[in-house]
Amino acid sequence: MNKTTSNLKLSRRDFLKLAAAGSVVTVGGYALYEFAPWLNYESQVTKTWTPSQDSSSADAKLRGLVHFATLAANGHNTQPWKFALKENTIEIHPDFSRQLAAVDPGHRELWISLGCALENLTVAARASGFAPEVTYPDAADFIHIQLKPDTAQSSDLFNAILLRQNTRSEYDGQPVETAAIEQLTLEPGVSLQFITTPAELETTLNYVNQGNLSQYADTAFVDELIAWLRFNKKDAMAVMDGLYSICSGNPEVPRWLGQMFVAGTKPQQQADIDAKKLRSSSGAVLVASTADDKSSWVRTGQVYERLALKMTALNIQSAFLNQPIEVASLRSQFQNAMGMGTFLPQLLVRYGHAPALPRSLRRGVEQVML
Ligand SMILES: Cc1cc2nc3c(=O)[nH]c(=O)nc-3n(C[C@H](O)[C@H](O)[C@H](O)COP(=O)(O)O)c2cc1C
Numbered sequence: 001m002n003k004t005t006s007n008l009k010l011s012r013r014d015f016l017k018l019a020a021a022g023s024v025v026t027v028g029g030y031a032l033y034e035f036a037p038w039l040n041y042e043s044q045v046t047k048t049w050t051p052s053q054d055s056s057s058a059d060a061k062l063r064g065l066v067h068f069a070t071l072a073a074n075g076h077n078t079q080p081w082k083f084a085l086k087e088n089t090i091e092i093h094p095d096f097s098r099q100l101a102a103v104d105p106g107h108r109e110l111w112i113s114l115g116c117a118l119e120n121l122t123v124a125a126r127a128s129g130f131a132p133e134v135t136y137p138d139a140a141d142f143i144h145i146q147l148k149p150d151t152a153q154s155s156d157l158f159n160a161i162l163l164r165q166n167t168r169s170e171y172d173g174q175p176v177e178t179a180a181i182e183q184l185t186l187e188p189g190v191s192l193q194f195i196t197t198p199a200e201l202e203t204t205l206n207y208v209n210q211g212n213l214s215q216y217a218d219t220a221f222v223d224e225l226i227a228w229l230r231f232n233k234k235d236a237m238a239v240m241d242g243l244y245s246i247c248s249g250n251p252e253v254p255r256w257l258g259q260m261f262v263a264g265t266k267p268q269q270q271a272d273i274d275a276k277k278l279r280s281s282s283g284a285v286l287v288a289s290t291a292d293d294k295s296s297w298v299r300t301g302q303v304y305e306r307l308a309l310k311m312t313a314l315n316i317q318s319a320f321l322n323q324p325i326e327v328a329s330l331r332s333q334f335q336n337a338m339g340m341g342t343f344l345p346q347l348l349v350r351y352g353h354a355p356a357l358p359r360s361l362r363r364g365v366e367q368v369m370l
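Everything in the sequence shown is counted per the numbering used here, starting at 1 for the first residue and increasing by one.
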């Protein structure tokens with residue numbers, strides 16, 4: 001054996017040291033890859049939620065309004081919208097490539113999401129000196145908003161657009177004064193039904209439980225949910241959509257671990273988690289409509305977003321528990337149990353007090369233009 005070869009030969013101890021060092025580098029590299037410390041989520045959130053200061057042209061002003069629209073609530077943060085700008089008009093179109101086929105096969109929640117965007121847009125338009133005139137998508141497959149010059153009218157709803165969020169944590173169980181919310185202006189054919197008595201809340205809970213048991217036993221629902229979950233900031237910031245764990249009060253984990261965890265969630269576990277959340281809330285409110293068509297869904301979205309903005313302005317937190325409405329076989333039973341007559345339940349929202357959670361991301365205006 002020559003000297004060079006013998007020098008390269010590792011002792012067993014050296015080999016173990018090298019293997020250990022290699023593992024540390026691999027695990028460290030993996031952790032860096034998964035948790036990407038160089039990505040700053042906070043600054044991305046700030047960028048998402050800071051309005052444009054550019055009002056140098058008519059086009060820039062309309063783009064500023066579109067930005068406010070994109071900050072609205074929307075199912076699974078799919079942002080299922082596209083916007084078109086024409087002279088003095090903005091159109092909101094559905095983006096069916098972002099549909100939720102399992103949880104929303106009839107596109108009901110997709111059109112509600114467009115209604116939420118419409119509400120932000122019209123509130124922002126009034127604050128910017130426009131009178132918006134809305135044409136609903138009864139015949140056409142989009143929403144048309146004509147903007148006429150008017151005196152600027154700022155409002156508590158406008159100021160709340162940049163602060164609104166779905167706060168999915170447990171609340172503090174303290175009562176909330178709803179008199180100011182009950183005065184909210186509604187849209188034709190849309191109603192709000194407040195659920196405040198312990199008996200009504202228990203009936204509601206029974207249906208939320210049944211909804212959870214049904215949804216978490218359905219692999220199509222769970223697979224779709226996983227596809228829109230963003231388990232760490234690297235995943236969230238790569239696409240700027242979806243449900244990022246920390247925005248729901250959950251920890252940041254590698255995708256494989258999060259997927260395994262959600263896929264293994266027992267329906268009863270989810271039901272227990274949501275039961276605690278509803279019991280910690282001060283009350284709940286049903287948004288309902290007289291019809292189940294595109295225009296009624298858009299109007300439902302407007303009323304919901306208005307409600308969410310009003311609650312934000314009053315420092316009240318809210319989040320959805322839509323399970324008994326999303327599960328088709330439960331919807332009319334729930335409607336009857338809640339004594340809603342001919343009003344169809346569209347959304348179920350709980351409210352109360354809790355600290356704010358981190359806010360979610362949105363794609364930029366350029367990415368949502370037709
Ligand atoms: C029609 C519709 C249905 C929704 N359904 C649920 C739901 O069942 N559970 C939930 O936690 N959030 C639900 N959301 C809230 C969205 O996930 C949320 O708006 C989106 O992730 C963006 O987050 P943000 O509202 O905090 O900005 C729904 C929103 C809309 C508009």
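From the three backbone atoms N, C-alpha and C, an ideal C-beta is built for every residue, glycine too.
- Message: Quick check: what's the CA-CA separation for R362 versus T50?
- Response: Within the sequence shown, residue 362 is the residue found at index 362, counting from 1. Within the sequence shown, residue 50 is the residue found at index 50, counting from 1. Approximately 11 angstroms, taken between the alpha carbons.
- How is the alpha helix (DSSP H) around V222 delimited, first residue to last? To locate residue 222, count along the sequence shown from 1; it is residue 222. Residues 219-228.
- Task: Give the single residue among P251, C247, A337, A308 whose Cα lies nearest to the Cα of V45.
- Result: Residue 45 sits at position 45 when you count from the first residue of the sequence shown. Among P251, C247, A337, A308, the Cα nearest to that of V45 is on C247.
- Query: D172 and A356: beta carbons closer than 8 angstroms?
  - Reply: Here residue 172 refers to the residue found at position 172 when the sequence shown is read from its first residue. Here residue 356 refers to the residue found at position 356 when the sequence shown is read from its first residue. It is not a contact, given that the beta carbons lie outside the stated cut-off.
- Message: For A60 and G75, what's the separation of their Cα atoms in angstroms?
- Response: Residue numbering aside, residue 60 sits at position 60 when the sequence shown is read from its first letter. Residue numbering aside, residue 75 sits at position 75 when the sequence shown is read from its first letter. Each residue's Cα considered, the two are about 28 angstroms apart.
- Message: Residues in the same chain with beta-carbon distance under 7 angstroms from F130, minus the five sequence neighbours each way, listed in chain order, please.
- Response: To locate residue 130, count along the sequence shown from 1; it is residue 130. Taken in chain order, the residues that qualify are L147, K148, P149, D150.
- Enclosing beta strand (DSSP E) for I145 [first to last residue]: On the sequence shown, position 145 is the one that residue 145 refers to. Element bounds for I145: 143-149.
- Query: When DSSP builds the beta bridges, which residues end up paired with M369?
  - Reply: For the purposes of this step, residue 369 is identified with residue 369 of the sequence shown, where counting begins at 1. Answer is F83, bridged to M369.
- Hey, is the segment 276-288 in contact with the segment 342-351, meaning 3+ C-beta pairs nearer than 8 angstroms? yes
- Are three or more beta carbon pairs between the segment 304-314 and the segment 171-187 nearer than 8 angstroms? yes
- Query: To which residues of the same chain is N209 closer than 8 angstroms at the C-beta, ignoring the five residues directly before and after it?
  - Reply: One-based indexing of the sequence shown puts residue 209 at position 209. If we look at N209 and ignore the five residues flanking it on each side, its Cβ neighbours are A271, D274, A275.
- Could you tell me whether any non-hydrogen atom of ligand 1 is closer than 7 angstroms to the CB of S360? Taking the sequence shown and counting its residues from 1, one reaches residue 360 at position 360. Correct: S360 has its Cβ closer than 7 angstroms to ligand 1.
- Cα-Cα separation between L62 and R164, rounded to whole angstroms: On the sequence shown, residue 62 is found 62 positions in, with the first residue counted as 1. On the sequence shown, residue 164 is found 164 positions in, with the first residue counted as 1. Those two C-alpha atoms are separated by around 22 angstroms.
- Message: Starting from I195, trace the beta strand (DSSP E) in both directions and tell me its first and last residue.
- Response: Counting from one through the sequence shown, the residue named residue 195 turns up at place 195. Residues 190-195.
- Message: Can you confirm whether the segment 189-208 touches the segment 88-104 when touching is taken to mean that 3 or more C-beta pairs between the two stretches lie within less than 8 angstroms?
- Response: no
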